Structures are given as C-alpha cells and as structure tokens.
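Visitor: Before we start, here is the structure in question, set down as structure tokens.
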Amino acid sequence: MQHLSILPILLPLFTGALLLLPPLSGTLKRQRVFTLLSMLAQVVAAFMLLAQVYNEGVNQYILGDWRPPFGIVLVADPLSTVMVALTTFLGFGALSYATGSHDRAGSYFYPLFMFQVMGINGAFLTGDAFNLFVFFEVLLIASYALLVHGGGKQKTQATVHYVVLNLAGSSIFLFGLGILYGTLGTLNIADMAQKVGQLDETVAIITKIGALMLLVVFGLKSAMLPLHFWLPKTYSSASAPVAAIFAVMTKVGIYSILRIHGVVFGDDAGELANVAQAWLWPLALMTITIGTIGALASPSLKLLTANLVILSAGTLMVCAALQNEAATSAALYYMVHSTLVAGGMFLLADAIGRQRGKAEDRFVVAKRMDTPIFLGIFFAVSAVAVIGMPPFSGFIGKVMVLQAVETATEQMWVWPVILLSSLGALIALSRAGTTLFWRHSSTKQTEDSPKIHFGEWLGIVLLLSASPLLAMFAGPFSEMTVEAARFLHDPALSVEALLTSPLADGGL
Amino acid sequence: MEGIYAFCVGLMTACGIFLTLRGRTFSVVVGLTLLSYAVNLFLFASGRLRLDAAAVLGESENYGDPLPQALVLTAIVIGFAMTAFAVILAMRARADLGNDHVDGRIPQTKESARQKSGGQR
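Top to bottom, those sequences are chains L and G. This note's numbering applies: residue 181 is where the first sequence begins, and numbers increase by one. This note's numbering applies: residue 203 is where the second sequence begins, and numbers increase by one.
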C-alpha cells in the first residue's frame, strides 16, 4: 500500500470534517461511535504502516509528484511511524475516556480532537521543515480550543498564557526558517542536511543563529528549562482526556530536536556539527532538576503528573544531547513509555478526583473513594512505571538511558541527576498515594460520587497496561528502537536515500 | 534598499516584542500582530530582494525565487487566523476574569495598595 503513509493525516482530517456535517453533527451518540470507529481505524492504519516500514524499508510519499527536494514529502521512517502509532494509541485511550462525560462539557469536542491528532501525526510524518511549521500550527490551534473546552476561569487564564507564548514561539520558528532558507536555499530536511556541510564560513554563523532559534521553539514545545513555566498550569487545568493527548505534544518538540538538530545539524554538518548539543547538556540536566523539585512541591495529583512530564522531557533531552545511536534508541523507548504512562496518569487523576468530593485530586484528607482498590492498583502501576522501578517499562527505559552515557565525565553528570530525580519522584508519589488512598475522613458519607463509566475504565486500562506490556515485550520493541536509531544516525539511509531514490525509480 | 528593508523589519520586531511584554491583553495582541508582520517581511526577504525579477520564467531577464512568496502566503493565512483567535480569547478572558490583565488579576503595586488603604480610611 503506497498510500498508507498519508492515511494517519487524512483519516482524522476527514473524520473531523464529517463530524461537523448534518448526519453526525446532531447527536453526541453518533459522534461518539463514529469517532471511536475512526480512531480504531487510525490505530490499525498506523500499526500497518509500522509493519510495512519495518518489513519493506522507508516509505517516502511525494505529494503531487514534485520530486524532492522541490516538493513537500512525507517520510515514513522507523522513528516517525513509531511516534504515529504511539499518538493514535494514546488518542484512542483518551477518546474512550472522553466518552464518559467530558465530551458533554462543550460543543465540537470530537472534531477538535481529530484535528489535534491530525496535526500531531503530520508533524511526525513530514519531511519538510516549513510543512513541520504548518502542522505545528494545526496541532496548536486545535490545542488552544481543546484547552479552553468546557470553560471556567482557570482554563481561560491558562489558555491566555499558553496561546501568547505559542504565538511568540511561532514567530521565532518562522524567523528561524527564514534564516535557514536564506542560507541553505532549501527546506527539505534531507536536502538541508546535505547542504549544511558545504556552507561558507561567512554564512555559517547566520545559519547557526537560525538553528539555535529553532532550538528555542522546540525547547518551548518540549518544556526545556527556562521555557517550561507554562506547562504545569496548562496541563493541570486542561480536562483529563485533553491533558492525556497533550502528553504527546511535548514529545513533538523532542522529536523535532532529534530530527533537525540530530540529523541536519548532526555529526556531518561540517562547521555546524552538533550546534545544539552544547546548549542541550546543561539545560536538560537542569530541566530534570526543576521537574523533580516541582514534583516534590505539587499540591495535587494533576500538577504532580505535569511536573513528571517535565522530568521525562528533561531525560529525553539528555538523550538528544548525547547524540549517539544507543541514546536515540533509549530516547525512543523512554518516549513511548513516558507518554503512555503520563497520559494514563492524567486520566487516573481525574477519576480519583471525581470520587473524592470537594477535595478533588488535592493532597488533603477527604472522603473515602468508592472504588479504592481498582484505582489504587492502577495508581501503583503507574507510579512504579514513572519512578523507574522494576518490573515495569520505566526501569528498562531508564537503564537504557543510563547505559547510553559513554564517557566517564558524562556519566558523572547524568547518572546522579537521573537517579536522584527517580528518588524525588519516588518520594513525591509515595506521599501522594498515602494521602490519596489511606488518609480519609472517617465520617459517614452522605452523597454518592458519580460512577466511573465503562469507557473511562477502558481508557485508563488501555494506557496503563501499556507499561507492563512494554516491559514484557522489551526485547522485540528495543530491536525496533535500535533499528530506528541506526536509521537516523546513518546519513546514507536518512539523507541520501531520500534524495536519490525517487529519481532512480525512473519516474521521469 | 536592503538597509531600509532590514531597518523596517528590525523596528517592527522591536515594537512587537515591546508590546508583547506589556501587561494588558490588547497591547499583547497588537504586539503579536506586529511580530507576525515583521516575520512575513523577513520571510519574503529570504529569497533575496531583487528588482525587475518576475517569479515566472520567461517574463523577465532575471527571475525571482517563488518559494518565499508561497511561504509568506501560508504564514499570512496562519498568522491571521491565530490573531483572530487571540482577539476572541482576550475578550473571553476579559469577560471571565473581570479584567484585561494577562495574569487575570491586576498586580498589587505599592501605589495601588496605598490608594486602597487610603480609601478605606
């Protein structure tokens, strides 16, 4: 199937558009069924694409048959297809949670959600830097609307900050792209990687500015240290399914750093080789530290989860800074694990909060939960996975990250920071769990809390069962991540093949 | 020509950044708009500034780079939509939060605190 690689973009686009038209727009029930079926189809398509890419090699989809480097291309390579499969799976879990009650909070939830998924998938699949900007904007405008969805003072306030920051970020993105186009004369990522090695000394410094401006933008998206302040408030004020899908948005930033600063400005970039890495090192370690401090200081489970997202983003940036095959492979494994667990934890925080009456998910003594056993088991699973204790996926992910650190100096910096951050997360989460599950007021409760809907259970179970599964199938999955990393770090595969193969096919 | 052009872009960017850093949503929105204008001009210049150079081949001796024009068009459309959204959001925030400060509340300065306490007395 040649067209499989564009399906993850087209399916949500058409689903979103159809949801606005009469037969579906009228009733929420039809929208739910249709969206869930479409999301299921997207999951199937994404996994088929994954299988195809691993069996037959990279699939370059040339839109409009404008040959690279002149037209826009979609590149379905091992790294991007894993991320697309992750997004659709996370989207399915979040959607099935939304069918409980969150979709009733306002209108157009499902179309917005579909456009959000479309933007994220597009950002992963595209092989063109300007197209990456366009998909960033698609996912951002959907996320603005989703964030404010349901209304309320807190959401509006968080959205104002989020929108203003991201609009400024978009401007910087365009400045960066303008600089790079002015000096390199191309925006096809593979072509940029080839051109960047042949630059003059006079132009190289301007190109460096462009590259670092892009790092600022991607840092903003992925919550890198001085640019992370928006994240805890935004994620904790969003409704649960929205926060869950947002868990993958910070990873879009990390992915772009791996793509642009790992491949284009990677080892073969001549004078500009590894321009971002010198900045990434200290910032990544400080991001981990600040995430841990934030986690220890969080007064509610949602804020705690949001700070853990910062922590995982920092860990991933360390991998990007290491810039070797083992680190990229570890980053991919850790990315899949941390996205799914963080998404699951946001859903779980909402479910816990609803059963605790007025206290919600804050760490205060409150009434007893109705189903403490089930929620407790899932909380324990997610906590163990996030902290990085055996037997779940977090442990394997962190071991892979630690093993990827090669020299002794790097080890001296990275190992203590990552291990101490795990200790911090352990303390924060055990304190959270104790308060949430064991300390409750003994008074007889009067009112019944709202039941947890079947779809909501399904969402939580799906996302959190991924962690044990990732640990169980760590062997085959890490083979995939190693393959993806090998692909990304081999310029013959990730750069030259994409520029020469279509012409060699004899299309002209 | 390049000098004037660069000066305009730089001035507009500076004004945009200054206004974006203000505390009220209206000036922030105006600042973002100025910033996006500056970006559009900047992108346009990334294909080099040339006189008498049509983007279509065969129309003139020299030819201009057509790609930045396409990029600018995309950037204008997106920037316009985003500005519209930011305006609506600012109005919504004004209605929801009761004031037009970006933080949702007017920060307490020394002067306003003194006025308040003076008024109570």
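Every residue, glycine too, gets a C-beta built ideally from N, C-alpha and C. Here the structure is a predicted model, which is why all the values come from computation and not from measurement.
1) Whose CA, out of Met219/L, Leu642/L, Arg212/L, Thr336/L, lies closest to the CA of Leu191/L?
2) In chain order, what residues of the same chain have a beta carbon less than 6 Å from the beta carbon of Gly639/L, not counting five sequence neighbours either side?
3) Our contact map puts Ser573/L next to Ala565/L with C-beta atoms below 8 Å; I'd like the distance itself, whole angstroms only.
4) Determine, using beta carbons only, whether Val340/L and Val304/G come nearer to each other than 7 Å.
5) Which two residues bound the contiguous alpha helix (DSSP H) that contains Gln334/L?
6) Is Ala684/L buried or exposed, if buried means 16 or more other CB atoms sit within 10 Å of its CB?
7) Does the stretch 431-439 of chain L touch the stretch 508-520 of chain L, meaning 3 or more C-beta pairs lie closer than 8 Å?
8) Which bits of chain G does Leu347/L rub up against, with CB to CB less than 7 Å?
9) Quick one: what's got a C-beta closer than 6 Å to Leu360/L's C-beta in the same chain, skipping five residues either side?
10) Could you name the residues of chain G that Thr336/L contacts, counting a contact when the two beta carbons are closer than 7 Å?
11) Can you check whether the C-beta of Ala257/G is within less than 7 Å of a C-beta belonging to chain L?
12) If you draw a straight line from the C-alpha of Ala256/L to the C-alpha of Met298/L, how long is it?
13) With burial defined as no fewer than 16 other Cβ atoms inside 10 Å of the residue's Cβ, what is the status of Pro309/G: buried or exposed?
14) What is the DSSP secondary structure of His633/L, reduced to helix, strand or coil?
15) Taking the CB atoms as reference points, tell me whether Trp410/L and Leu345/L lie closer together than 7 Å.
16) Taking the alpha helix (DSSP H) that Ala486/L belongs to, which residues open and close that run?
17) If Gly442/L and Leu270/L are in contact, beta carbons under 8 Å, what's the gap, nearest whole angstrom?
18) With 9 Å as the limit, tell me which residues of the stretch 290-317 of chain L have their beta carbon closer than that to any beta carbon of chain G; keep them in chain order.
19) Kindly say whether Ser248/G, judged by its beta-carbon, lies nearer than 7 Å to any beta-carbon of chain L.
20) Could you give the residue range of the beta strand (DSSP E) that holds Tyr241/L?
21) At the 7 Å Cβ level, is Leu251/G part of the contact set with chain L, yes or no?
22) Just to confirm my understanding: we take Asp302/G, look at its own chain, exclude 5 residues before and 5 after, and list those with CB closer than 8 Å. What are they?
23) Just to confirm before moving on: does the CB-CB distance between Ser601/L and Thr472/L stay below 7 Å?
24) Taking only beta-carbon atoms, is Val274/G less than 7 Å away from chain L?
25) List the residues of chain L whose Cβ lies closer than 9 Å to the Cβ of Thr227/G, in chain order.
26) Do you know how far the Cα of Leu254/L is from the Cα of Gly494/L?
27) With H, G and I counted as helix, E and B as strand and the rest as coil, what does DSSP make of Arg542/L?
28) Using a cut-off of 7 Å between C-beta atoms, extract the partners of Phe244/G located in chain L.
29) So with Cβ pairs under 7 Å, would you call Ile280/G a contact of chain L?
30) Could you tell me which chain G residues have their CB closer than 8 Å to the CB of Lys333/L, listed as they occur along the chain?
31) If you drop the 5 nearest sequence neighbours on each side, which residues of the same chain put their C-beta closer than 6 Å to that of Met525/L?
32) To the nearest angstrom, report how far apart His517/L and Ala373/L are at their CA atoms.
33) Would you say the stretch 442-457 of chain L touches the stretch 373-387 of chain L, given that touching needs at least three Cβ pairs under 8 Å?
34) Taking its Cβ as the centre, do 16 or more other Cβ atoms sit within 10 Å of Gly446/L, making it buried, or is it exposed?
35) Asp308/L and Asn368/L: beta carbons closer than 7 Å?
36) If we call anything under 7 Å between Cβ atoms a contact, is Leu476/L one with Gly604/L?
Guide: This is what the structure holds:
1) Your numbering for residue 191/L matches position 11 in the first sequence. The shortest C-alpha separation from Leu191/L is found at Met219/L.
2) Stepping through the first sequence from its first residue, residue 639/L is reached at position 459. Excluding residues within five positions, the ones whose Cβ falls inside 6 Å are Gly273, Ser276, Tyr277, Leu527.
3) Position 393 of the first sequence, counted from the first residue, corresponds to residue 573/L. Position 385 of the first sequence, counted from the first residue, corresponds to residue 565/L. Going by Cβ atoms, the distance from Ser573/L to Ala565/L rounds to 6 Å, so yes, they are a contact pair.
4) By 1-based counting over the first sequence, the position of residue 340/L is 160. By 1-based counting over the second sequence, the position of residue 304/G is 102. Result yes, Cβ atoms of Val340/L and Val304/G sit closer than 7 Å.
5) Within the first sequence, numbered from 1, the residue matching residue 334/L stands at position 154. Per DSSP, Gln334/L belongs to the alpha helix (DSSP H) from 333-364.
6) Stepping through the first sequence from its first residue, residue 684/L is reached at position 504. Unreliable positioning characterises Ala684/L in this predicted model, as indicated by a pLDDT of 45, which lies under 50. The coordinate reading is nonetheless provided below. Exposed.
7) Of all C-beta pairs linking the stretch 508-520 of chain L to the stretch 431-439 of chain L, three or more are shorter than 8 Å, placing the two stretches in contact.
8) In the first sequence, the residue the question calls residue 347/L occupies position 167. Within 7 Å Cβ-Cβ: Leu234, Met284, Ala288.
9) Taking the first sequence and counting its residues from 1, one reaches residue 360/L at position 180. Contacts found: Gly390.
10) Position 156 of the first sequence, counted from the start, is the residue given in the question as residue 336/L. Here the neighbours are Arg294, Ala295, Asp298, Leu299.
11) Indexing the second sequence from 1 puts residue 257/G at position 55. No, because no Cβ of chain L sits closer than 7 Å to the Cβ of Ala257/G.
12) The count along the first sequence starts at 1 and reaches residue 256/L at position 76. The count along the first sequence starts at 1 and reaches residue 298/L at position 118. Per the coordinates, the alpha-carbon of Ala256/L lies some 15 Å from the alpha-carbon of Met298/L.
13) The count along the second sequence starts at 1 and reaches residue 309/G at position 107. Looking at its Cβ environment, which holds fewer than 16 other Cβ atoms inside 10 Å, Pro309/G is exposed.
14) The residue given as residue 633/L occupies position 453 in the first sequence. Three-state DSSP puts His633/L in coil, outside helix and strand.
15) Here residue 410/L refers to the residue found at position 230 of the first sequence. Here residue 345/L refers to the residue found at position 165 of the first sequence. Result yes, Cβ atoms of Trp410/L and Leu345/L sit closer than 7 Å.
16) For the purposes of this step, residue 486/L is taken as residue 306 along the first sequence, with counting starting at 1. Start and end: 481-502.
17) The count along the first sequence starts at 1 and reaches residue 442/L at position 262. The count along the first sequence starts at 1 and reaches residue 270/L at position 90. About 23 Å separates the beta carbons of Gly442/L and Leu270/L, which is beyond the 8 Å limit, so they are not a contact pair.
18) For the stretch 290-317 of chain L, the beta-carbon criterion of a distance under 9 Å to any beta-carbon of chain G is satisfied by Phe310, Phe313, Val314, Glu317.
19) Taking the second sequence and counting its residues from 1, one reaches residue 248/G at position 46. Yes - at least one Cβ of chain L is within 7 Å of the one on Ser248/G.
20) Taking the first sequence and counting its residues from 1, the one referred to as residue 241/L is at position 61. Start and end: 239-242.
21) To locate residue 251/G, count along the second sequence from 1; it is residue 49. Chain L, which has no Cβ nearer than 7 Å to the Cβ of Leu251/G, makes this no.
22) For the purposes of this step, residue 302/G is identified with residue 100 of the second sequence, where counting begins at 1. Beyond the five residues adjoining it in sequence on each side, Asp302/G comes within less than 8 Å, by CB distance, of Arg226, Thr227, Phe228, Ala292, Ala295, Arg296 in the same chain, given in chain order.
23) Here the question's residue 601/L lines up with position 421 in the first sequence. Here the question's residue 472/L lines up with position 292 in the first sequence. Against a cut-off of 7 Å, the Cβ pair of Thr472/L and Ser601/L comes out as a contact.
24) Stepping through the second sequence from its first residue, residue 274/G is reached at position 72. With 7 Å as the cut-off, Val274/G does not count as an interface residue toward chain L.
25) Taking the first residue of the second sequence as position 1, residue 227/G is located at position 25. Residues of chain L passing the Cβ test: Val340, Val344.
26) What you label residue 494/L is simply residue 314 of the first sequence in a count that begins at 1. What you label residue 254/L is simply residue 74 of the first sequence in a count that begins at 1. Rounded to whole angstroms, Gly494/L to Leu254/L spans 28 Å at the Cα level.
27) Reading the first sequence from its first residue, position 362 is the one you call residue 542/L. Secondary structure at Arg542/L: strand, using DSSP grouped into helix, strand and coil.
28) Within the second sequence, the letter at position 42 stands for residue 244/G. Phe355, Gly358, listed in chain order.
29) Numbered from its first residue, the second sequence carries residue 280/G at position 78. Interface residue (Cβ-Cβ distance to chain L less than 7 Å): Ile280/G is classified as such.
30) By one-based count along the first sequence, residue 333/L stands at place 153. Chain G residues near Lys333/L: Asp298, Leu299, Gly306.
31) Residue numbering aside, residue 525/L sits at position 345 when the first sequence is read from its first letter. Its chain contains Thr485, Ser562 as the residues whose beta carbon lies nearer than 6 Å to that of Met525/L, once the 5 sequence neighbours on both sides are disregarded; these appear in chain order.
32) The sequence position of residue 517/L within the first sequence is 337, counting from 1. The sequence position of residue 373/L within the first sequence is 193, counting from 1. Per the coordinates, the alpha-carbon of His517/L lies some 30 Å from the alpha-carbon of Ala373/L.
33) Segments in contact, yes.
34) Position 266 of the first sequence, counting from 1, holds the residue named residue 446/L. Around the beta carbon of Gly446/L, 16 or more other beta carbons sit within 10 angstroms, so the residue counts as buried.
35) As a position in the first sequence, residue 308/L is number 128, starting the count at 1. As a position in the first sequence, residue 368/L is number 188, starting the count at 1. Contact flag set, yes.
36) Taking the first sequence and counting its residues from 1, the one referred to as residue 476/L is at position 296. Taking the first sequence and counting its residues from 1, the one referred to as residue 604/L is at position 424. Yes, the pair counts as a contact, with Cβ atoms nearer than the cut-off.
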